[in-house]
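**Student:**
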Amino acid sequence: MIHTTIVIALLVVGVFFLTVGTIGLLRLPNVYNRMHATSKPTTLGTAAIFLAGVAEFGPGSEGLTALIGIAFLFLTVPTGSHMIARAAERIGIPFLGSVTWPDPSAVERPDQSDEPESTDD
94 MIHTTIVIAL
104 LVVGVFFLTV
114 GTIGLLRLPN
124 VYNRMHATSK
134 PTTLGTAAIF
144 LAGVAEFGPG
154 SEGLTALIGI
164 AFLFLTVPTG
174 SHMIARAAER
184 IGIPFLGSVT
194 WPDPSAVERP
204 DQSDEPESTD
214 D
């Protein structure tokens, strides 16, 4: 009874977070907000569903596959979100309102050299 309750609770939590992420994707105005709304809840929702699989099947082969899936999610989703945000910033997609990027001198760019350009007068 408790086992089934835990599995159902994890599935409900997972479906809730996935639904919130989907609503955020459909309702929010720009790429930055949509990216945030989909990356955070989707990671939590999918991890909860994977944990339901671990609770149902145990730590054997199916449960281990679910645990590896959780680790893969936690490693790849933040990286993907960061790359999407960087790409959006580089092609010039603006923020909404008064939000701005950090001071450009504080952001390291691979295309900028550390050495000052010398001018021959």
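Going by the numbering used here, the first residue of the sequence shown is number 94, and it counts up by one from there.
Cβ coordinates follow ideal geometry from the N, Cα and C atoms, glycine included.
Under the three-state reduction of DSSP, which class applies to Asn123: helix, strand or coil?
**Tutor:** For the purposes of this step, residue 123 is identified with residue 30 of the sequence shown, where counting begins at 1. Note: Asn123 maps to coil in three-state DSSP.
**Student:** Buried or exposed: which applies to Phe165, given that a residue is buried once 16 or more other Cβ atoms fall within 10 Å of its Cβ?
**Tutor:** For the purposes of this step, residue 165 is taken as residue 72 along the sequence shown, with counting starting at 1. With fewer than 16 Cβ atoms within 10 Å of its Cβ, Phe165 is classed as exposed.
**Student:** If you count every other CB in all the chains shown that lies within 10 Å of the CB of Pro134, and 16 or more means buried, which is it?
**Tutor:** Taking the first residue of the sequence shown as 1, we reach residue 134 at position 41. It is buried - the Cβ of Pro134 has at least 16 other Cβ atoms within 10 Å.
**Student:** Would you kindly work out how many angstroms separate the C-alpha atoms of Pro127 and Ala159, rounded to a whole number?
**Tutor:** Locating residue 127 in the sequence shown gives position 34, where the first residue counts as 1. Locating residue 159 in the sequence shown gives position 66, where the first residue counts as 1. Checking the sequence shown, residue 127 turns out to be Arg, not Pro. Distance between the alpha carbons of Arg127 and Ala159: 27 Å.
**Student:** First and last residue of the alpha helix (DSSP H) that includes Thr193?
**Tutor:** Against the sequence shown, residue 193 aligns to sequence position 100. No alpha helix (DSSP H) contains Thr193, which DSSP labels as neither H nor E.
**Student:** Taking only runs of the alpha helix (DSSP H) that begin and end inside the segment 144-189, which ones reach a length of at least 4 residues, in chain order?
**Tutor:** Runs of the alpha helix (DSSP H) inside the segment 144-189: 154-183.
**Student:** Report the rounded CA-to-CA distance for Gly190 versus Val108, giving the unit in angstroms.
**Tutor:** Here residue 190 refers to the residue found at position 97 when the sequence shown is read from its first residue. Here residue 108 refers to the residue found at position 15 when the sequence shown is read from its first residue. Between Gly190 and Val108, the C-alpha separation is close to 32 Å.
**Student:** Can the beta-carbon of Gly114 be found less than 8 Å from the beta-carbon of Phe143?
**Tutor:** Here residue 114 is taken as the residue at index 21 of the sequence shown, counted from 1. Here residue 143 is taken as the residue at index 50 of the sequence shown, counted from 1. For Gly114 and Phe143, no; Cβs fall outside 8 Å.
**Student:** Here's a check: name, in chain order, each residue in its chain whose Cβ is nearer than 7 Å to the Cβ of Val147, leaving out the five neighbours to either side.
**Tutor:** Translated into the one-based positions of the sequence shown, residue 147 becomes position 54. Cβ neighbours of Val147 beyond the five flanking positions: Gly156, Ala159 and Leu160.
**Student:** Quick one: Cα of Ala140 to Cα of Leu104, how far?
**Tutor:** Here residue 140 is taken as the residue at index 47 of the sequence shown, counted from 1. Here residue 104 is taken as the residue at index 11 of the sequence shown, counted from 1. Spanning the two alpha carbons is a distance of roughly 10 Å.
**Student:** Helix, strand or coil, according to DSSP, for Met128 in the structure here?
**Tutor:** Along the sequence shown, read from residue 1 onward, the residue named residue 128 stands at position 35. In this structure, Met128 counts as helix in the three-state DSSP scheme.
**Student:** For Thr112 and Pro122, I'd like the C-alpha separation in whole angstroms.
**Tutor:** The residue you call residue 112 lines up with position 19 of the sequence shown. The residue you call residue 122 lines up with position 29 of the sequence shown. So the two alpha carbons sit approximately 18 Å from each other.
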